[in-house]
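*Asks:* Please find one structure pasted underneath; my questions will follow.
Residue numbers (the numbering used here): 11 to 285.
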(Lines of atoms letter the chains of each structure in order from A; the text may use other names.)
(Lines give C-alpha, C1' and ligand atoms only; values in the text may rest on other atoms or scores of the structure.)
Protein backbone atom coordinates (compact mmCIF):
# COMPACT_ATOMS: atom_id res chain seq x y z
CA UNK A 11 0.00 0.00 0.00
CA UNK A 12 1.28 3.47 -0.92
CA UNK A 13 2.02 5.66 2.10
CA UNK A 14 1.92 9.43 2.51
CA UNK A 15 4.37 9.90 5.37
CA UNK A 16 5.38 13.05 7.18
CA UNK A 17 8.84 13.92 5.84
CA UNK A 18 11.45 15.00 8.40
CA UNK A 19 14.63 16.52 6.97
CA UNK A 20 17.93 17.50 8.52
CA UNK A 21 21.42 18.14 7.19
CA UNK A 22 22.66 15.39 9.50
CA UNK A 23 21.65 13.65 12.70
CA UNK A 24 20.25 16.42 14.91
CA UNK A 25 16.77 16.22 13.40
CA UNK A 26 16.49 12.75 14.92
CA UNK A 27 15.82 14.44 18.29
CA UNK A 28 12.78 16.06 16.66
CA UNK A 29 11.76 12.81 14.95
CA UNK A 30 11.94 10.97 18.29
CA UNK A 31 9.49 13.41 19.89
CA UNK A 32 7.21 13.39 16.83
CA UNK A 33 6.93 9.60 16.86
CA UNK A 34 6.28 9.68 20.61
CA UNK A 35 3.48 12.24 20.24
CA UNK A 36 2.07 10.84 16.98
CA UNK A 37 2.84 7.10 17.01
CA UNK A 38 0.11 6.14 14.53
CA UNK A 39 1.51 8.23 11.65
CA UNK A 40 4.00 7.20 8.95
CA UNK A 41 7.34 9.04 8.95
CA UNK A 42 10.25 9.29 6.51
CA UNK A 43 13.51 10.75 7.85
CA UNK A 44 16.10 12.09 5.42
CA UNK A 45 19.59 13.09 6.52
CA UNK A 46 21.85 14.85 4.00
CA UNK A 47 24.87 13.44 5.82
CA UNK A 48 27.08 13.48 2.71
CA UNK A 49 26.99 17.30 2.68
CA UNK A 50 26.74 18.11 6.37
CA UNK A 51 27.40 20.48 8.11
CA UNK A 52 25.18 23.20 6.65
CA UNK A 53 26.06 25.70 9.38
CA UNK A 54 29.23 26.94 7.69
CA UNK A 55 27.73 27.18 4.19
CA UNK A 56 26.31 30.25 2.45
CA UNK A 57 22.60 31.09 2.32
CA UNK A 58 22.46 30.19 -1.40
CA UNK A 59 24.07 26.78 -0.92
CA UNK A 60 21.87 25.88 2.07
CA UNK A 61 18.80 26.98 0.11
CA UNK A 62 19.79 24.85 -2.91
CA UNK A 63 20.51 21.76 -0.80
CA UNK A 64 17.34 22.14 1.25
CA UNK A 65 15.17 22.61 -1.81
CA UNK A 66 16.66 19.45 -3.35
CA UNK A 67 15.77 17.53 -0.18
CA UNK A 68 12.23 18.91 -0.06
CA UNK A 69 11.63 18.02 -3.72
CA UNK A 70 12.98 14.53 -3.06
CA UNK A 71 10.63 14.02 -0.10
CA UNK A 72 7.69 15.24 -2.19
CA UNK A 73 8.60 12.61 -4.80
CA UNK A 74 8.55 9.98 -2.03
CA UNK A 75 4.92 10.88 -1.35
CA UNK A 76 5.34 13.25 1.61
CA UNK A 77 2.68 16.00 1.43
CA UNK A 78 4.09 17.63 4.57
CA UNK A 79 7.80 18.17 5.29
CA UNK A 80 9.29 19.30 8.60
CA UNK A 81 12.70 20.95 8.23
CA UNK A 82 14.13 19.73 11.54
CA UNK A 83 17.31 21.77 11.14
CA UNK A 84 17.77 25.27 12.50
CA UNK A 85 20.29 26.29 9.83
CA UNK A 86 18.03 25.16 6.97
CA UNK A 87 15.00 26.70 8.68
CA UNK A 88 16.91 29.96 9.04
CA UNK A 89 18.47 30.11 5.59
CA UNK A 90 16.02 28.32 3.29
CA UNK A 91 12.50 27.87 4.68
CA UNK A 92 11.01 31.25 3.83
CA UNK A 93 12.20 31.16 0.21
CA UNK A 94 10.85 27.64 -0.23
CA UNK A 95 7.48 28.58 1.27
CA UNK A 96 7.11 31.83 -0.65
CA UNK A 97 8.82 31.17 -3.97
CA UNK A 98 8.96 27.44 -4.64
CA UNK A 99 5.88 25.81 -3.12
CA UNK A 100 3.33 27.80 -5.18
CA UNK A 101 5.19 26.69 -8.31
CA UNK A 102 6.18 23.07 -7.61
CA UNK A 103 3.57 21.77 -5.12
CA UNK A 104 0.92 24.33 -4.11
CA UNK A 105 -1.02 21.81 -2.00
CA UNK A 106 2.01 20.58 -0.04
CA UNK A 107 3.47 22.25 3.03
CA UNK A 108 6.94 22.77 4.47
CA UNK A 109 7.35 23.79 8.13
CA UNK A 110 10.44 24.57 10.20
CA UNK A 111 11.61 24.47 13.82
CA UNK A 112 12.24 28.17 14.52
CA UNK A 113 8.68 29.50 14.47
CA UNK A 114 7.31 26.86 16.92
CA UNK A 115 10.25 27.56 19.26
CA UNK A 116 9.63 31.32 19.08
CA UNK A 117 5.93 30.86 19.87
CA UNK A 118 6.81 28.73 22.91
CA UNK A 119 9.34 31.28 24.18
CA UNK A 120 6.67 33.98 23.98
CA UNK A 121 4.32 31.83 26.04
CA UNK A 122 6.72 31.14 28.90
CA UNK A 123 9.16 34.04 29.34
CA UNK A 124 8.35 36.11 32.41
CA UNK A 125 10.80 39.00 32.02
CA UNK A 126 11.30 39.04 28.22
CA UNK A 127 15.04 38.28 28.39
CA UNK A 128 15.88 35.37 26.08
CA UNK A 129 19.10 33.57 25.23
CA UNK A 130 19.69 31.47 22.11
CA UNK A 131 22.44 28.86 21.82
CA UNK A 132 23.06 27.73 18.23
CA UNK A 133 25.46 26.96 15.42
CA UNK A 134 27.42 29.75 13.78
CA UNK A 135 25.06 29.64 10.79
CA UNK A 136 21.92 30.01 12.88
CA UNK A 137 23.39 32.80 15.01
CA UNK A 138 24.72 34.76 12.00
CA UNK A 139 21.34 34.48 10.25
CA UNK A 140 19.76 36.50 13.13
CA UNK A 141 16.62 34.39 12.58
CA UNK A 142 15.78 34.03 16.26
CA UNK A 143 16.03 37.74 17.19
CA UNK A 144 14.05 38.65 14.04
CA UNK A 145 11.33 36.05 14.60
CA UNK A 146 11.10 36.75 18.34
CA UNK A 147 10.58 40.43 17.65
CA UNK A 148 8.00 39.62 14.97
CA UNK A 149 5.92 36.98 16.77
CA UNK A 150 6.26 37.64 20.50
CA UNK A 151 3.73 40.51 20.59
CA UNK A 152 6.18 42.60 22.58
CA UNK A 153 6.75 39.99 25.28
CA UNK A 154 10.42 39.51 24.31
CA UNK A 155 12.45 42.61 25.16
CA UNK A 156 15.99 41.33 24.65
CA UNK A 157 17.54 38.42 22.75
CA UNK A 158 21.21 37.52 23.11
CA UNK A 159 22.87 34.74 21.14
CA UNK A 160 25.91 32.51 21.54
CA UNK A 161 27.46 30.41 18.78
CA UNK A 162 28.63 27.02 20.08
CA UNK A 163 30.75 25.55 17.27
CA UNK A 164 32.14 22.67 19.35
CA UNK A 165 28.84 21.26 20.58
CA UNK A 166 27.79 19.35 17.45
CA UNK A 167 31.19 17.59 17.09
CA UNK A 168 31.01 16.64 20.79
CA UNK A 169 27.64 14.98 20.25
CA UNK A 170 28.48 13.27 16.97
CA UNK A 171 31.73 11.88 18.35
CA UNK A 172 29.96 10.60 21.47
CA UNK A 173 32.05 12.80 23.78
CA UNK A 174 29.02 13.89 25.80
CA UNK A 175 30.21 12.38 29.09
CA UNK A 176 33.83 13.41 28.78
CA UNK A 177 35.56 16.44 30.31
CA UNK A 178 35.71 18.23 26.95
CA UNK A 179 31.93 18.51 26.88
CA UNK A 180 31.86 20.18 30.30
CA UNK A 181 34.65 22.56 29.30
CA UNK A 182 32.98 23.85 26.11
CA UNK A 183 29.44 23.86 27.49
CA UNK A 184 30.46 25.81 30.60
CA UNK A 185 32.49 28.25 28.48
CA UNK A 186 29.54 29.05 26.18
CA UNK A 187 26.97 29.18 28.98
CA UNK A 188 29.16 31.59 30.96
CA UNK A 189 29.59 33.70 27.84
CA UNK A 190 25.87 34.07 27.12
CA UNK A 191 25.05 34.93 30.74
CA UNK A 192 27.85 37.52 30.71
CA UNK A 193 26.02 39.16 27.80
CA UNK A 194 22.76 39.20 29.81
CA UNK A 195 22.63 37.95 33.39
CA UNK A 196 18.84 38.30 33.53
CA UNK A 197 17.98 35.67 30.88
CA UNK A 198 14.98 33.64 32.09
CA UNK A 199 14.47 31.48 28.97
CA UNK A 200 17.26 29.71 27.11
CA UNK A 201 16.58 28.18 23.67
CA UNK A 202 18.68 25.25 22.51
CA UNK A 203 18.66 26.41 18.89
CA UNK A 204 20.22 23.29 17.40
CA UNK A 205 18.61 19.89 17.32
CA UNK A 206 21.84 18.18 18.46
CA UNK A 207 21.87 20.04 21.75
CA UNK A 208 19.22 18.01 23.65
CA UNK A 209 21.80 15.22 23.92
CA UNK A 210 23.90 17.65 25.97
CA UNK A 211 20.94 18.64 28.15
CA UNK A 212 22.28 17.12 31.40
CA UNK A 213 25.61 18.89 30.94
CA UNK A 214 23.96 22.21 30.03
CA UNK A 215 21.67 22.04 33.07
CA UNK A 216 24.70 21.90 35.38
CA UNK A 217 25.86 25.37 34.31
CA UNK A 218 22.55 27.20 33.83
CA UNK A 219 20.96 29.00 36.82
CA UNK A 220 18.13 26.95 38.36
CA UNK A 221 15.44 29.58 37.69
CA UNK A 222 16.04 29.57 33.91
CA UNK A 223 13.78 27.60 31.54
CA UNK A 224 15.77 25.54 29.00
CA UNK A 225 13.78 24.82 25.84
CA UNK A 226 14.50 21.81 23.63
CA UNK A 227 12.83 21.82 20.25
CA UNK A 228 11.58 18.27 19.70
CA UNK A 229 8.67 18.33 22.14
CA UNK A 230 7.75 21.88 21.07
CA UNK A 231 7.67 20.95 17.37
CA UNK A 232 5.54 17.87 18.14
CA UNK A 233 3.07 19.93 20.18
CA UNK A 234 2.80 22.63 17.51
CA UNK A 235 2.48 20.09 14.67
CA UNK A 236 -0.46 18.37 16.38
CA UNK A 237 -2.08 21.78 16.73
CA UNK A 238 -1.34 22.57 13.05
CA UNK A 239 -3.01 19.35 11.90
CA UNK A 240 -6.09 20.11 14.02
CA UNK A 241 -6.34 23.48 12.29
CA UNK A 242 -5.67 21.98 8.84
CA UNK A 243 -7.83 18.86 8.52
CA UNK A 244 -7.32 18.91 4.74
CA UNK A 245 -3.63 18.11 5.33
CA UNK A 246 -4.29 15.68 8.17
CA UNK A 247 -6.52 13.60 5.88
CA UNK A 248 -3.69 13.21 3.36
CA UNK A 249 -1.30 11.64 5.91
CA UNK A 250 -1.31 7.85 6.25
CA UNK A 251 -1.30 6.07 9.59
CA UNK A 252 0.56 2.79 9.29
CA UNK A 253 3.09 3.36 12.12
CA UNK A 254 6.01 3.05 9.66
CA UNK A 255 9.35 4.77 10.20
CA UNK A 256 11.88 4.87 7.36
CA UNK A 257 15.40 6.28 7.54
CA UNK A 258 17.27 7.50 4.47
CA UNK A 259 20.68 9.14 4.19
CA UNK A 260 22.88 10.54 1.44
CA UNK A 261 25.91 8.96 3.16
CA UNK A 262 26.82 5.38 4.04
CA UNK A 263 23.81 3.62 5.58
CA UNK A 264 26.07 1.71 7.99
CA UNK A 265 27.65 4.93 9.30
CA UNK A 266 24.23 6.53 9.64
CA UNK A 267 22.82 3.56 11.54
CA UNK A 268 25.64 3.54 14.10
CA UNK A 269 25.31 7.26 14.90
CA UNK A 270 21.51 7.44 14.62
CA UNK A 271 21.17 4.78 17.31
CA UNK A 272 22.76 7.26 19.75
CA UNK A 273 20.01 9.81 19.02
CA UNK A 274 17.07 7.42 18.87
CA UNK A 275 18.07 5.19 21.77
CA UNK A 276 17.53 2.06 19.68
CA UNK A 277 18.83 0.38 16.53
CA UNK A 278 17.75 1.82 13.18
CA UNK A 279 17.81 0.47 9.63
CA UNK A 280 18.67 2.99 6.92
CA UNK A 281 19.20 3.08 3.19
CA UNK A 282 21.47 5.29 1.09
CA UNK A 283 19.74 7.53 -1.45
CA UNK A 284 20.73 10.16 -4.01
CA UNK A 285 18.86 13.46 -4.15
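Ideal placement from N, C-alpha and C gives every residue a C-beta, glycine not left out. All values reported here derive from a predicted model rather than from experimental measurement.
In this structure, how does DSSP classify residue 30 when only helix, strand and coil are distinguished?
*Replies:* Position 20 of the chain shown, counting from 1, holds the residue named residue 30. Correct three-state label for residue 30: helix.
*Asks:* To the nearest angstrom, how far is the alpha carbon of residue 43 from that of residue 266?
*Replies:* As a first step, residue 43 must be located in the chain shown, where it is residue number 33. As a first step, residue 266 must be located in the chain shown, where it is residue number 256. Their Cα atoms are separated by approximately 12 Å.
*Asks:* Does the count of Cβ pairs from the stretch 129-141 and the stretch 188-203 closer than 8 Å reach three?
*Replies:* yes
*Asks:* Which residues in the same chain have their Cβ closer than 8 Å to the Cβ of residue 221, if we skip the five residues on either side of it in sequence?
*Replies:* The residue labelled residue 221 in the question sits at position 211 within the chain shown. Once the five neighbours on either side are set aside, the close Cβ partners of residue 221 are 198.
*Asks:* Under DSSP, the beta strand (DSSP E) around residue 170 begins and ends at which residues?
*Replies:* Counting from 1 along the chain shown, the entry for residue 170 is found at position 160. That residue, residue 170, is in no beta strand (DSSP E); its alpha helix (DSSP H) goes 165-170.
*Asks:* Quick one: using the 10 Å Cβ neighbour count with 16 as the cut-off for buried, is residue 211 buried or exposed?
*Replies:* Locating residue 211 in the chain shown gives position 201, counting from the first residue. Burial call: exposed.
*Asks:* Can you tell me whether residue 197 is helix, strand or coil according to DSSP?
*Replies:* Position 187 of the chain shown, counted from the start, is the residue given in the question as residue 197. In this structure, residue 197 counts as coil in the three-state DSSP scheme.
*Asks:* Could you name each continuous beta strand (DSSP E) segment of 3 residues or more that falls completely within the stretch 62-149, going from the start of the chain to the end?
*Replies:* Whole beta strand (DSSP E) segments, 3+ residues: 78-81, 107-109 and 127-132.
*Asks:* Short of 7 Å in beta carbon distance, which residues of its chain neighbour residue 54, apart from the five on each side in sequence? Order them along the chain.
*Replies:* Start at 1 with the first residue of the chain shown, and residue 54 comes out as number 44. If we look at residue 54 and ignore the five residues flanking it on each side, its Cβ neighbours are 134 and 135.
*Asks:* Quick one: grab the DSSP three-state call for residue 281.
*Replies:* Taking the first residue of the chain shown as position 1, residue 281 is located at position 271. It is a strand residue.
*Asks:* Are the C-beta of residue 130 and some C-beta of chain C separated by less than 8 Å?
*Replies:* Of the protein chains in the structure, only one exists, and it is not chain C.
*Asks:* Relative to the C-alpha of residue 104, which residue among 69, 120 and 228 is closest?
*Replies:* The residue you call residue 104 lines up with position 94 of the chain shown. Closest option to residue 104, Cα to Cα, is 69.
*Asks:* Rounded to a whole number of angstroms, what is the C-alpha to C-alpha distance between residue 63 and residue 94?
*Replies:* Mapped onto the chain shown, residue 63 falls at position 53. Mapped onto the chain shown, residue 94 falls at position 84. So the two alpha carbons sit approximately 11 Å from each other.
*Asks:* Report yes if the CB atom of residue 60 is closer than 8 Å to the CB atom of residue 227, and no otherwise.
*Replies:* Working through the chain shown from its first residue, we reach residue 60 at position 50. Working through the chain shown from its first residue, we reach residue 227 at position 217. For residue 60 and residue 227, no; Cβs fall outside 8 Å.
*Asks:* Run through DSSP, which three-state label would residue 16 get?
*Replies:* On the chain shown, residue 16 is found 6 positions in, with the first residue counted as 1. The answer is strand: DSSP assigns residue 16 an E or B state.
*Asks:* What is the rounded straight-line gap between the Cα of residue 24 and the Cα of residue 82?
*Replies:* For the purposes of this step, residue 24 is identified with residue 14 of the chain shown, where counting begins at 1. For the purposes of this step, residue 82 is identified with residue 72 of the chain shown, where counting begins at 1. Distance between the alpha carbons of residue 24 and residue 82 is about 8 Å.
*Asks:* Quick one: grab the DSSP three-state call for residue 214.
*Replies:* For the purposes of this step, residue 214 is taken as the residue at position 204 of the chain shown. It is helical.
*Asks:* Given a threshold of 16 other Cβ atoms within 10 Å of its Cβ, counted over all protein chains shown, does residue 39 qualify as buried or as exposed?
*Replies:* Residue 39 sits at position 29 when you count from the first residue of the chain shown. With 16 or more neighbouring CB atoms inside 10 Å of its own CB, residue 39 falls in the buried class.
*Asks:* Could you check which residue in 229, 163, 252 and 178 has the C-alpha nearest to that of residue 51?
*Replies:* Translated into positions along the chain shown, residue 51 becomes position 41. The shortest Cα separation from residue 51 among 229, 163, 252 and 178 belongs to 163.
*Asks:* Could you check what DSSP says for residue 48 in three-state terms: helix, strand or coil?
*Replies:* Within the chain shown, residue 48 is the residue found at index 38, counting from 1. Of the three classes helix, strand and coil, the one that applies to residue 48 here is coil, per DSSP.
*Asks:* Quick check on this structure: which residue in 77, 76 and 112 has the alpha carbon closest to the alpha carbon of residue 91?
*Replies:* Position 81 of the chain shown, counted from the first residue, corresponds to residue 91. It is 112 whose Cα lies nearest to the Cα of residue 91.
*Asks:* Check this for me: beta carbons of residue 26 and residue 115, under 8 Å apart or not?
*Replies:* Start at 1 with the first residue of the chain shown, and residue 26 comes out as number 16. Start at 1 with the first residue of the chain shown, and residue 115 comes out as number 105. Going by C-beta atoms, residue 26 is not nearer than 8 Å to residue 115.
*Asks:* Near residue 272, which residues of its chain fall below 7 Å by C-beta distance, leaving aside the five closest residues on each side in sequence?
*Replies:* Within the chain shown, residue 272 is the residue found at index 262, counting from 1. Correct list, in chain order: 172.
*Asks:* Among 46, 47 and 18, which one has its Cα closest to the Cα of residue 33?
*Replies:* Position 23 of the chain shown, counted from the start, is the residue given in the question as residue 33. Nearest option by C-alpha distance: 18.
*Asks:* Near residue 45, what residues of its chain come up, given a Cβ to Cβ distance below 6 Å and the 5 sequence neighbours on each side ignored?
*Replies:* Within the chain shown, numbered from 1, the residue matching residue 45 stands at position 35. So the qualifying residues of the chain are 20, 22 and 259.
*Asks:* If I measure Cβ to Cβ from residue 7 and keep anything under 6 Å in the same chain, skipping five residues before and after, which residues do I get?
*Replies:* With the chain covering 11 to 285 only, the question about residue 7 has no answer from this structure.
*Asks:* Give me, in chain order, the residues of the same chain whose beta-carbon lies closer than 8 Å to that of residue 99; leave out the 5 immediate sequence neighbours on both sides.
*Replies:* By 1-based counting over the chain shown, the position of residue 99 is 89. Cβ within range, chain order: 106, 107 and 108.
*Asks:* What separation, rounded to the nearest whole angstrom, lies between the Cα atoms of residue 276 and residue 214?
*Replies:* As a working mapping, residue 276 is identified with position 266 in the chain shown. As a working mapping, residue 214 is identified with position 204 in the chain shown. For residue 276 and residue 214, the distance between alpha carbons rounds to 24 Å.
*Asks:* Taking the beta carbon of residue 252 as the centre, do at least 16 other beta carbons fall within 10 Å, making it buried, or is it exposed?
*Replies:* Looking up residue 252 in the chain shown gives position 242. Flag for residue 252 reads exposed.
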